[in-house]
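In order, the protein sequences belong to chains Z and L. In terms of the working numbering, the first sequence has 66 at position 66, counting the first letter as 1, and numbering is strictly consecutive. Just add 108 to wherever you are in the second sequence, counting from 1, and you've got the working numbering. C-beta: ideal position from N, C-alpha, C; glycine also. Some notes on the structure that comes next.
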Amino acid sequence: QQPVQSPQAVILREGEDAVINCSSSKALYSVHWYRQKHGEAPVFLMILLKGGEQKGHEKISASFNEKKQQSSLYLTASQLSYSGTYFCGTDQGGKLIFGQGTELSVKP
Amino acid sequence: DTAVSQTPKYLVTQMGNDKSIKCEQNLGHDTMYWYKQDSKKFLKIMFSYNNKELIINETVPNRFSPKSPDKAHLNLHINSLELGDSAVYFCASSVGLAGVETGELFFGEGSRLTVL
Chain Z
1 QQPVQSPQAV
11 ILREGEDAVI
21 NCSSSKALYS
31 VHWYRQKHGE
41 APVFLMILLK
51 GGEQKGHEKI
61 SASFNEKKQQ
71 SSLYLTASQL
81 SYSGTYFCGT
91 DQGGKLIFGQ
101 GTELSVKP
Chain L
109 DTAVSQTPKY
119 LVTQMGNDKS
129 IKCEQNLGHD
139 TMYWYKQDSK
149 KFLKIMFSYN
159 NKELIINETV
169 PNRFSPKSPD
179 KAHLNLHINS
189 LELGDSAVYF
199 CASSVGLAGV
209 ETGELFFGEG
219 SRLTVL
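Structure below.
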């Protein structure tokens, strides 16, 4: 079952904040976040393994709520380099199933 | 040194032809994957291998046949190509055990297949 991400797309000015949500109809044991820049391969950002645990990467952090079966990615003070498509992935029996992606554009 | 490398990066071919994509990783990982990314950027797992053994085989047509000669290599052969096979195919590897738990995925640069 594919997790659902929202929003599908977001446009920001440099320095603005954004939140990307990922929800699943199945119980979540871990959530992965990846970023893919245009024409490149997806790159790992972080894995969240416990409910409520937050992990950070640069100015990007995430939360994981097992009960709500949701994860959120927080991008603070966005930079031009944050532009790309963000994917959440849920580990379903050793298969990483990705959401449909959220396209983030950061403008100067 | 590229961690996960794929060849070729681009393939353009006619319907009905057969093509192969090769993947190699030098990270020492036991697990390798093939993912397909379509024009809407949807990333879908196709296969995964643990140490040369096929573990995950999603509902992929029989025309797709993966082969892993050793744990550092995973190739994908596609027979009788169809228009719908046009996509970017990504190879990936991880420390995690396919079928049990997925660790951080390291992706290759992708192979863009265009079927005319």
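Environment of L162/L [buried if 16+ CB atoms lie within 10 Å]: exposed
Nearest-angstrom beta carbon gap, Q2/Z and Q116/Z [assumed within contact, 8 Å]: Because residue 116/Z is not part of the residues shown, which for chain Z are 1 to 108, the question remains open.
Residue from L73/Z, E66/Z, S83/Z and L48/Z with nearest C-alpha to I60/Z: L73/Z
Under the three-state DSSP convention, the category S24/Z falls into: coil
Below-8 Å beta-carbon distance, I97/Z vs any chain L residue: yes
Where P7/Z meets chain L, residues with beta-carbon distance less than 8 Å: The contacting residues do not exist; P7/Z stays about 15 Å from chain L at best.
Where G93/Z falls, given that 16 or more other Cβ within 10 Å makes a residue buried: exposed
According to DSSP, residues forming a beta bridge with F44/Z: Y34/Z
Sequence-distant residues of the same chain with beta carbon closer than 7 Å to F198/L, five excluded per side: Y143, Q145, F215, G216 and G218
Counted within 10 angstroms of its Cβ, other Cβ atoms place Q81/L as buried (16 or more) or exposed: Residue 81/L lies beyond the residue range present for chain L, which begins at 109 and ends at 224; the question has no answer from this structure.
Nearest-angstrom Cα separation, counted from V106/Z out to S71/Z: 22 Å
Closer than 8 Å to chain L by CB, A77/Z: no
Neighbour list for G136/L in chain Z, Cβ cutoff strictly below 8 Å: Correct list: empty, because the minimum Cβ distance to chain Z is about 17 Å.
Closer than 8 Å to chain L by CB, F64/Z: no
Reduced DSSP category for L80/Z - H, G, I as helix; E, B as strand; rest coil: helix
Residue environment, Q114/L, which counts as buried when at least 16 other CB atoms sit within 10 Å: buried
Beta-bridge pairing of D70/Z - partner residues as DSSP gives them: Residue identity differs from the one stated: residue 70/Z is Gln in this sequence, not Asp. Per DSSP, S23/Z and N65/Z.
Cutoff 8 Å: A41/Z Cβ touching any chain L Cβ: yes
Contact the segment 85-92 of chain Z vs the segment 21-34 of chain Z: 3+ CB pairs below 8 Å: yes
Span separating the alpha-carbon of Y141/L from that of S24/Z: 23 Å
Pairwise C-alpha distance: V19/Z and A77/Z: 12 Å
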